[in-house]
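Protein chains: 2
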Amino acid sequence: MNFSTSSEHSAEICRVSLDAVRDTLYVLNGKWKLPIIISLTEQGPQRFAALQRILGDITPKILSKELKDLELNEFITREVFPTKPVTVVYSITPYSASVKDIISAMREWGLQHKQRLLNSSRKKGAAAAGIPAEVTA
Amino acid sequence: MNFSTSSEHSAEICRVSLDAVRDTLYVLNGKWKLPIIISLTEQGPQRFAALQRILGDITPKILSKELKDLELNEFITREVFPTKPVTVVYSITPYSASVKDIISAMREWGLQHKQRLLNSSRKKGAAAAGIPAEVTA
DNA sequence: TACACCAGTATCCTTTAGAATACTAGTATC
DNA sequence: GATACTAGTATTCTAAAGGATACTGGTGTA
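So the sequences go chain by chain: A and B.
Per the UniProt record's numbering, the first sequence starts with residue 1, numbered consecutively.
Per the UniProt record's numbering, the second sequence starts with residue 1, numbered consecutively.
Listed below in structure tokens is the structure:
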């Protein structure tokens, strides 16, 4: 019995896809990188404390680490203004635009997913899978 | 000094985006969910051991857990055939097509990213940021 | 008879992400 | 003088992700 439709050709394409997606996951890993990019894209340049407010429940340690990562990968820039006390402003770089497609695909999917869950829980009245607690609260 | 371009309007849009992307990250979390969907999409239905070979270095424990998660979220189906020994085949559901845009956006980005790293290391001869060790090896 | 394959499970372990809490120095405000 | 804000850092902790290794029972093959 042959359960597989694989061929050498599709296997090669598959390897390329897996590699590329893995690289992307490696760079955009964790809970916060995309949300930070989204915040700076949609709300404009922001200071440290303002970002913390927008993102909600991120601790300064994590925010600091994530911002450094993003700066290293050239997604954002960090500017220090010599006010008293100092003002530090984070902005997205033009390069950040390259993840626009990823973000909008994920945004669309997330919206559809929530709608789907609402529909299925209306029908089944069940606790749905794949949904954080607060969404059903 | 006003460093921010934010308004109530953009703040609201931002909240919606953050929420939606967070939901998506919640469902597609971890290292393996997207790679498994990609494998089953591009290589067709596969058995457990075959999937393990395609994915490379995933242990049976992790693969088993990820497959259960994906089945719960209706991304894949699991069929058991009464051969001796039993044959178990995993296939993507039509619903999996809904993440097609996410995957292709991530695939494109990953390919561009690798190219960018190659270019910049050609120029600077430096160890680049944001790249797993094996890529530079 | 010895071995390998199948689809996992069981157990143990390490690594990492991320949360909680407390703290810094310089200034402005009450 | 006490407090709060600035942009973080330091320390400690827990929970989760994921890897390593060994094992199962039933079968087919050398």
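Virtual Cβ for every residue (Gly too), placed ideally from N, Cα, C.
Let's see if you can read the secondary structure: which residues bound the alpha helix (DSSP H) around A/Thr-77? Premise fails: A/Thr-77 lies in the beta strand (DSSP E), 76-81, not in any alpha helix (DSSP H).
B/Leu-51: buried (16+ other C-beta within 10 angstroms of its C-beta) or exposed? buried
Since A/Tyr-26 is in the beta strand (DSSP E), which residue starts that stretch and which ends it? Here A/Tyr-26 belongs to no beta strand (DSSP E); instead the alpha helix (DSSP H) covers 8-27.
A/Glu-42 CB to nearest chain B CB: under 8 Å? yes
Can you confirm whether A/Asp-52, when its beta carbon is compared against all beta carbons of chain B, has any partner nearer than 8 Å? The question names Asp, but residue 52 of chain A in the sequence shown is Gln. No - not a single Cβ of chain B is within 8 Å of the one on A/Gln-52.
Contacting residues, own chain, Cβ-Cβ under 8 Å from B/Ser-39 (five flanking each side not counted): Gln-46, Leu-51, Ile-54 and Leu-55
Distance CB(A/Ser-98)-CB(B/Gln-112) smaller than 8 Å: yes
Where does B/Thr-87 fall in DSSP's three states? strand
Here's the rule I'm using: 16 or more other beta-carbon atoms within 10 Å means buried, otherwise exposed. How should A/Thr-83 be labelled? exposed
With a threshold of 8 Å between beta carbons, is A/Leu-118 in contact with chain B? no
Could you name the residues of the same chain whose beta carbon sits closer than 7 Å to that of A/Lys-61, not counting the 5 residues immediately before and after it, in chain order? none
With 16 as the cutoff for other CB atoms within 10 Å, does B/Leu-72 come out buried or exposed? exposed
I'd like the span of the alpha helix (DSSP H) that includes B/Thr-41, first residue to last. 33-43
Touch test, the region 101-112 of chain B against the region 99-106 of chain A, Cβ-Cβ under 8 Å, three pairs minimum: yes
Residues bridged to B/Ile-92 by DSSP? B/Ile-76
Could you give the residue range of the alpha helix (DSSP H) that holds A/Ile-54? 48-55
Kindly list, in the order they appear in chain A, the residues whose Cβ is closer than 7 Å to that of B/Gln-112. Ser-98
According to DSSP, is A/Gly-30 helix, strand or coil? coil
Output the distance between the C-alpha atoms of A/Ile-13 and A/Asp-57, rounded to the nearest integer angstrom. 40 Å
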